[in-house]
Amino acid sequence: MANDSAKDRFSRRGFIGISSAALATVAGGLAVSNAMAQEGQQSGNARSDRSATDPGPSNTPLDGQNPDSTWPPGTDSKSLVPTFKYPFSFANKRAYEGGWSREVTVRELPVSKTMAGVNMRLTAGGIRELHWHTAAEWAIMLYGTARITAIDRDGKSFVADVNKNDLWYFPTGIPHSIQGLGPDGAEFMLVFDDGEFSESETVLLSDSMSHLPREVLSKNFGVPEPALKNLPKQELFIFQAAVPGPLEADQSAAAGARGKSPTDFAFRTMEMQPTKRTKSGDVRIVDSNNFKVSTTVAMAMVTVHPGGMRELHWHHNASEWQYYISGKARMTVVSTGNRARTMDFQAGDVGYVEKTLLHYIENTGDTELIFLEMFKSSFYQDLSLSQWLANTPPELVMAHLNIDKATLDTISRDELVIVPR
Ligand code: MN
Ligand code: MN
């Protein structure tokens, strides 16, 4: 029975491979005939020998989620490519009264050298305590409502409420806090511009106070020592507190003597129109051009409808850290030195593509695929394979790919981003 379902997946994958290649018109007729040749070869193999069977122990649910690792497409290389996927489901969770936190860094996913992600939940009233760190913090709200606070470089205060899909960015060393609001707190994804980052190694207010002699604190603040007798003796990190009142009432009270910061550390993603839209999906690009304060992190939020695909492309300026918000996808990364690998993704997974490597992301499910492409860069940049080929002298391209002029002319001269257009 296990053999039968493996074979079913095997041939279905081959069939999907044909239709997507045809839809994408990547290299036109050549891709289709290659895919058909592979399909014939795979069916032949399955009939004539037992290679495509797996009679030993297996984790069937996990295999089912990763069909392209269980039976790689014939175009994947036999030279091994290190994993570029890590599910948040595997991450070590720190649970507290008031919320939890888990992270995927270079320690969990060794290829992800430039960025790290922290997924956090705060209950209504739950506080991620006042802190700062050595990396810049970019964030997107995934659920609910939260209140963020910071103080800018001139000592002016910033307080804002954020909702689903809103972003924030706190530069290196800027102290900040996050608190869940009613009715059910918040969940969000923090992305740091350093793969080595860890949320457990930040400068915390509570931890700092507990490691300073009381007489020093007394002298520093100009208050008598007994007034400080209840200071926390260890870090709080996340803790439960009362749900704060509405922002309007709070803001005048909370704004310090220097007043409100002119810097907006938050960005309302859904208030902007998509940067590019086709019948198969859309993309919103947010970088320092429209979100001024975000000088080290750029985002593309991509939505791909069922049957659609984020077209073949690469990025010249930075590696891509991905987070899958909803739906199912597969991605092939063509590496250097004759290496390529295809992996499958679903909501909650992190993916990674090293700078300049060719890749596509195909919606393999029957629901909307939404994912983030994150870059350690002040600006977003990519190059489309189709655009490159269609704007290169035709004789040169035809000589490489053995395709005719009519096929080449079909390839889009403009970057489509999401195909079919
Ligand atoms: Mn932080
Ligand atoms: Mn990309």
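One gets the numbering used here by counting positions in the sequence shown from 1 and adding 38 to each.
Yeah, the Cβ is synthetic: ideal placement off N, Cα and C, and Gly gets one too.
{"Asked": "Which runs of the beta strand (DSSP E), 3 residues or longer, sit entirely within the stretch 240 to 275?", "Found": "none"}
{"Asked": "For Met337 versus Tyr398, is the C-beta spacing smaller than 7 Å?", "Found": "no"}
{"Asked": "Would you check whether ligand 2 has a heavy atom nearer than 6 Å to the C-beta of Met411?", "Found": "The sequence given here has Glu at residue 411, not Met. Glu411 Cβ: within cutoff of ligand 2."}
{"Asked": "Spatial neighbours of Ala162 within its chain, please: CB distance less than 7 Å, with the 5 preceding and 5 following residues excluded, ordered by chain position.", "Found": "Gly218, Leu219, Gly220, Pro221, Asp222, Gly223 and Val281"}
{"Asked": "With respect to 6 Å, is the separation between the Cβ of Glu175 and the closest non-hydrogen atom of ligand 1 below this value?", "Found": "yes"}
{"Asked": "Only counting the same chain, and skipping five residues up and downstream in sequence, which positions put a Cβ closer than 8 Å to that of Phe277?", "Found": "Tyr134, Glu135, Gly136, Gly164, Ile165 and Glu167"}
{"Asked": "Contact between the stretch 408 to 425 and the stretch 115 to 133 is defined here as three or more beta-carbon pairs at a separation below 8 Å; is this criterion met?", "Found": "no"}
{"Asked": "Look at Arg377 and Ser150 and say whether their C-beta atoms are less than 7 Å apart.", "Found": "no"}
{"Asked": "Return yes when the Cβ of Ser299 is within less than 7 Å of the Cβ of Phe208, no when it is not.", "Found": "no"}
{"Asked": "Would Glu309 be called buried (16 or more neighbouring beta carbons within 10 Å of its own) or exposed?", "Found": "exposed"}
{"Asked": "At a cut-off of 6 Å, is Glu453 close to ligand 2 when judged by its beta-carbon and the heavy atoms of the ligand?", "Found": "no"}
{"Asked": "Looking at C-alpha atoms only, which residue of Lys194, Phe417 and Pro111 is the closest neighbour of Gly297?", "Found": "Lys194"}
{"Asked": "What is the DSSP secondary structure of Ser238, reduced to helix, strand or coil?", "Found": "coil"}
{"Asked": "Ignoring anything shorter than 3 residues, give me the beta strand (DSSP E) runs that lie fully in the stretch 173 to 210, in order along the chain.", "Found": "175 to 189, 195 to 201 and 204 to 208"}
{"Asked": "Could you check if Gly94 is buried or exposed, using at least 16 other CB atoms within 10 Å of its CB as the buried criterion?", "Found": "exposed"}
{"Asked": "Across which residues does DSSP place His397 in a beta bridge pair?", "Found": "His351 and Val371"}
{"Asked": "So, using beta-carbon positions, are Ile456 and Ser318 closer together than 7 Å?", "Found": "yes"}
{"Asked": "Between the Cα of Asp101 and those of Gly389, Met381 and Asn157, spot the shortest distance and give me the residue it belongs to.", "Found": "Met381"}
{"Asked": "Please state if the CB of Asp199 and the CB of Leu118 are separated by a distance shorter than 7 Å.", "Found": "no"}
{"Asked": "How should Gln272 be labelled, buried or exposed, when 16 other C-beta atoms within 10 angstroms of its C-beta is the threshold for buried?", "Found": "exposed"}
{"Asked": "Taking the DSSP output, what are the residues bridged to Ala279?", "Found": "The partner list for Ala279 (beta bridge, DSSP) is empty, contrary to what the question assumes."}
{"Asked": "Identify every residue that forms a DSSP beta bridge with Lys131.", "Found": "Arg140"}
{"Asked": "Find out if the Cβ-Cβ distance for the pair Thr316, Leu454 is shorter than 7 Å.", "Found": "yes"}
{"Asked": "So, are the CB atoms of Lys314 and Ala356 less than 7 Å apart?", "Found": "no"}
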